[in-house]
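Have a look at the structure below before the remarks.
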Amino acid sequence: MNYEFRIMKNVSSFITLRGHSSFSCAINRTATALLLCCSAALLYGAFEDASPSARMNALGHACIAVSGGEFAALENPSGLSFPETLNVSAGYGRYHMGLSDKSDISNVVLAAGVPYKFFGIGFAYKNFSLKDFYIEETLSIAGSVRFLERFIAGVALKNHTLKIPLNQYLINDPVFAAPYEKNFSEYVIGANFSLPNVTFGYFQNVLDGKLAKYKEPASRHYGMSYKDEGFLVGIDYKDTTLKQIVSVGFEKGLFDNVFLWRLGFNFGNRNYRRISSGLGFDFRDFSIDYAI
2 MNYEFRIMKN VSSFITLRGH SSFSCAINRT ATALLLCCSA ALLYGAFEDA SPSARMNALG
62 HACIAVSGGE FAALENPSGL SFPETLNVSA GYGRYHMGLS DKSDISNVVL AAGVPYKFFG
122 IGFAYKNFSL KDFYIEETLS IAGSVRFLER FIAGVALKNH TLKIPLNQYL INDPVFAAPY
182 EKNFSEYVIG ANFSLPNVTF GYFQNVLDGK LAKYKEPASR HYGMSYKDEG FLVGIDYKDT
242 TLKQIVSVGF EKGLFDNVFL WRLGFNFGNR NYRRISSGLG FDFRDFSIDY AI
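Heads up: take any position in the sequence shown, counting from 1, add 1, and you land on this note's numbering.
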């Protein structure tokens with residue numbers, strides 16, 4: 002089993018600690034809560050498909066054809082690896098620290114991967130919240146199966162819950178005078194095909210009608226990765242009705258892969274551009290990953 006403890010700073014800065022054994026360890030608040038809820042149908046700002054892994058963030062989310070371990074339960078379910086033992090991970094994140102009103106925007110992720118012969122089963126829980134004002138919860142159950150040592154197919158069922166609790170700012174509001182809660186379903190199907198050094202990946206999500214009002218429309222993801230002697234490159238393409246994004250990530254191992262250097266690029270329509278990078282340390286059963 003694996004220890005994993007993640008500390009995240011700002012939107013995309015992560016640090017991951019991992020070891021071997023058994024446990025894993027300004028903006029106005031009211032305006033933010035109302036914006037997250039009321040404009041979700043227009044902006045599709047809820048339940049974003051942000052990678053929960055520090056490594057994947059450093060690679061610019063170019064992870065469709067890269068094994069994501071237990072975190073694949075929240076991404077491409079066919080990326081579930083098949084370790085010899087149970088893997089359990091936990092992560093905690095703080096976003097946009099230092100806001101003038103001291104808003105507490107946090108993200109908690111719990112994930113587990115269970116191997117059984119040529120099957121892989123993953124469970125994951127994600128909680129994103131603006132404390133006391135807005136909460137997104139995602140519970141995912143995923144499974145994958147390997148065929149002929151080269152082909153992996155996976156499926157995930159996600160349940161999303163959106164909550165706006167009653168608080169001192171909304172108690173007198175005629176619209177939000179009572180707690181607000183909605184539940185939605187999402188299905189994800191994925192597949193990976195591996196050659197000696199090259200892997201191809203694909204996954205697609207299917208939203209129920211209610212969730213389509215909040216989350217970005219159903220998307221298709223295509224990916225390819227190449228890995229050889231401590232070097233990895235991943236290329237992904239994400240296609241939705243609103244945007245198209247190309248992601249490219251590089252990982253290079255140094256000193257017998259004890260140290261890892263990562264770099265990611267994202268390009269898309271509407272002038273979307275993003276650069277990410279990170280470092281990793283991997284020694285036997287202990288590793289540290291950082292991304293910004």
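Every residue, glycine too, gets a C-beta built ideally from N, C-alpha and C.
Item                                                                                                           : Value
3-residue-minimum beta strand (DSSP E) runs that sit fully inside the segment 214-289, ordered along the chain : 221-229, 232-240, 245-255, 260-269 and 273-284
Any chain C beta carbon closer than 8 Å to T200                                                                : Judged by its chain identifiers, the structure shown contains no chain C, having just a single protein chain.
Given 8 Å, three or more beta-carbon pairs between the segment 267-275 and the segment 238-250                 : yes
Coil, strand or helix - A292 by DSSP                                                                           : strand
Bounding residues of the alpha helix (DSSP H) (the contiguous stretch that carries R151)                       : That residue, R151, is in no alpha helix (DSSP H); it is neither H nor E in DSSP.
C-alpha gap between Y126 and D229, whole angstroms                                                             : 33 Å
Spatially closest choice to A157 from G92, R151, I142 and K244, by CA coordinates                              : I142
Alpha carbon of L196 to alpha carbon of P116, nearest angstrom                                                 : 22 Å
Where the alpha helix (DSSP H) through A59 begins and ends                                                     : A55 to A59
Residue burial classification, K159 (beta-carbon count within 10 angstroms, cutoff 16)                         : buried
Check whether G123 and L167 have beta carbons under 8 Å apart                                                  : no
Reduced DSSP category for A63 - H, G, I as helix; E, B as strand; rest coil                                    : coil
Through-space distance from S54 to L264, alpha-carbon basis                                                    : 14 Å
Unbroken beta strand (DSSP E) run spanning G80, endpoints                                                      : Looking at the DSSP string, G80 is not in any beta strand (DSSP E), and its letter there is neither H nor E.
heavy atom of the ligand ZN below 7 Å from A143 C-beta                                                         : In the structure shown, the ligand ZN is absent, as is every other ligand, since no ligand is present at all.
Run of the beta strand (DSSP E) containing S130, from where it starts to where it stops                        : F120 to L131
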